[in-house]
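Okay, structure first, notes after.
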Amino acid sequence: MRPVRELARLLLPVACPCGELDVPWCARCADLLAGSFVRVEHGAPRLDRLDGVPPVPVWALTPYAGPVRDVVVHWKDRGRTDLDRLLAPALRRAVARLAPALPRARPVAVVPVPSTGAARRARGREPVAVLARAVAAGLRDGGAPARVVPALVRTGHGRDQVGLGARARGRNLTGSVRMTRRGARALGQRSMCILVDDVLTTGATLAAVERALERRGHDVLGATVLAATPAPGHTARIARHVPTG
């Protein structure tokens with residue numbers, strides 16, 4: 663089998679998205695995702711509600727920069743579904759450490775941020791659904807009852823967010839997220855929700871999702887993301903700590 667394996671590597675070389683050969687992901691990239699969550703909502707200007715209510719808490723594993731950016735881009739848009747096995751366990755471990763800090767009054771609904779129809783067709787799947795399942799599993803690992811509820815869809819009003827600035831993202835997403843009938847039935851009355859997305863940039867997407875859930879009477883406890891774009895003027899290095907609320 664060894665000659666066959668070596669021939670396969672020549673024809674279809676295995677490489678980490680950062681460029682290191684002969685491994686699907688390297689130890690350095692794996693280590694960047696091995697820490698605990700940090701709070702990052704302060705760097706997302708579009709999460710500011712301007713109504714006196716603090717922005718929804720957002721927890722991220724790592725900055726969206728350097729090798730992490732390469733990993734996420736390959737995972738989402740270049741067919742590297744094998745990276746599920748890197749990203750989902752990392753998120754699950756971090757969420758399990760977060761779970762004891764969450765309220766236990768009701769089970770938690772894990773709500774993935776929906777993709778646009780065009781993005782879903784281009785990718786052939788919903789990558790964030792993989793993360794949502796990992797978040798729900800992590801919550802259960804930490805003792806918090808949780809289930810995934812894909813309650814929302816994107817309407818035709820907004821286009822993909824890639825390349826848009828903060829204000830353009832906000833305008834693009836106005837009225838572009840709605841709850842499905844099945845989602846409304848699954849959530850029931852006043853669920854506690856945790857949102858899940860891959861990357862936090864300006865916060866416009868999470869703000870639109872938060873509004874769509876709150877309009878139907880649900881409580882958004884916070885959001886988890888793999889990575890967050892570093893705020894202007896900040897370095898890409900984030901100190902690791904376990905959040906307390």
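Residue numbers for the sequence shown follow the numbering used here, so the first one is 663 and each next one is one higher. The C-beta atom is built at its ideal place from N, Cα and C for all residues, glycine as well.
Next on the checklist: Distance check for leucine 723 and glutamate 703, CA to CA, integer angstroms please.
Outcome noted: Cα to Cα, glutamate 703 sits roughly 13 Å from leucine 723.
Checklist entry - For the alpha helix (DSSP H) that contains glycine 845, what are its first and last residues? => result Residues 843 to 849.
Checklist entry - Counting pairs of Cβ atoms below 8 Å between the stretch 849 to 856 and the stretch 686 to 702, do you hit three or more? => result At 8 Å Cβ cutoff, the stretches do not touch.
Checklist entry - Which residue comes first and which comes last in the alpha helix (DSSP H) that contains alanine 689? => result It spans 689 to 694 - the alpha helix (DSSP H) in which alanine 689 sits, taken as one unbroken run.
Checklist entry - Can you find at least 3 beta carbon pairs, one from the stretch 856 to 874 and one from the stretch 788 to 806, that sit closer than 8 Å? => result These segments touch.
Checklist entry - In whole angstroms, what separates the C-alpha of glycine 800 from that of glycine 786? => result If you take the alpha carbons of glycine 800 and glycine 786, they lie about 26 Å apart.
Checklist entry - Run through DSSP, which three-state label would aspartate 684 get? => result Coil, per DSSP.
Checklist entry - Considering only C-alpha positions, which residue in the set Arg809, Met841 and Arg731 is nearest to glycine 681? => result Minimum Cα-Cα distance from glycine 681 among the listed residues Arg809, Met841 and Arg731 corresponds to Arg731.
Item to check | Local Cβ density within 10 Å of threonine 842, reported as buried at 16 or more and exposed below that | outcome: Exposed.
Item to check | In chain order, each alpha helix (DSSP H) run of at least 4 residues that lies wholly inside the stretch 735 to 811 | outcome: Taking 4 residues as the shortest admissible run, the stretch 735 to 811 contains the following complete alpha helix (DSSP H) segments, listed from N- to C-terminal end: 746 to 760, 779 to 785 and 789 to 803.
Next on the checklist: Using CA atoms only, rank isn't needed, just tell me which of Arg877, Asp881, Arg844 and Gly865 is closest to cysteine 855.
Outcome noted: Minimum Cα distance to cysteine 855 is reached at Asp881.
Next on the checklist: Taking 8 Å as the limit between beta carbons, can you name the residues of its chain near alanine 874, skipping five residues before and five after?
Outcome noted: Around alanine 874: Leu814, Val839, Arg840 and Met841.
Next on the checklist: If I measure Cβ to Cβ from aspartate 693 and keep anything under 6 Å in the same chain, skipping five residues before and after, which residues do I get?
Outcome noted: So no residue of the chain qualifies.
Next on the checklist: Comparing C-alpha positions only, which one of Ala784, Ala771 and Arg754 sits nearest to arginine 809?
Outcome noted: Of the listed residues, the one whose Cα sits closest to arginine 809 is Ala771.
Next on the checklist: Check this for me: beta carbons of leucine 695 and alanine 750, under 8 Å apart or not?
Outcome noted: Their beta carbons are not under 8 Å apart, which means leucine 695 does not touch alanine 750 by this criterion.
Checklist entry - Given valine 720, which residues of its chain have a CB within under 6 Å of its CB, disregarding the five upstream and five downstream residues? => result These residues qualify, in order along the chain: Val702, Glu703, Leu862 and Ala885.
Checklist entry - Is glycine 879 buried or exposed, if buried means 16 or more other CB atoms sit within 10 Å of its CB? => result Answer is exposed; the Cβ neighbour count stays below 16.
Item to check | Nearest candidate by alpha-carbon position, reference proline 892, set Pro679, Val700 and Pro675 | outcome: Distances from the alpha-carbon of proline 892 to those of Pro679, Val700 and Pro675 put Val700 closest.
Checklist entry - Helix, strand or coil: which one does DSSP assign to arginine 731? => result Judged by DSSP in its simplified three-state form, arginine 731 adopts helix.
Checklist entry - Should threonine 864 be labelled buried (16 or more other beta-carbon atoms within 10 Å of its own) or exposed? => result By the 10 Å Cβ count, threonine 864 comes out buried.
Next on the checklist: Let's test the definition: count the other Cβ atoms within 10 Å of the Cβ of valine 676 and tell me whether it reaches 16, buried, or not, exposed.
Outcome noted: By the neighbour-count definition (other C-beta atoms within 10 Å, threshold 16), valine 676 is an exposed residue.
Item to check | Residues of its chain near glycine 832, where Cβ-Cβ distance is below 8 Å and the 5 sequence neighbours each way are ignored | outcome: Below a pLDDT of 50, predicted positions are generally treated as unreliable, and glycine 832, at 44, falls in that range; the measurement from the model is reported next regardless. Correct list, in chain order: Arg708, Thr864, Ala866 and Ala869.
Checklist entry - Quick one: Cα of leucine 760 to Cα of proline 717, how far? => result Approximately 18 Å, taken between the alpha carbons.
Checklist entry - Mind checking valine 715: buried by the 16 CB within 10 Å criterion, or exposed? => result Answer is exposed; the Cβ neighbour count stays below 16.
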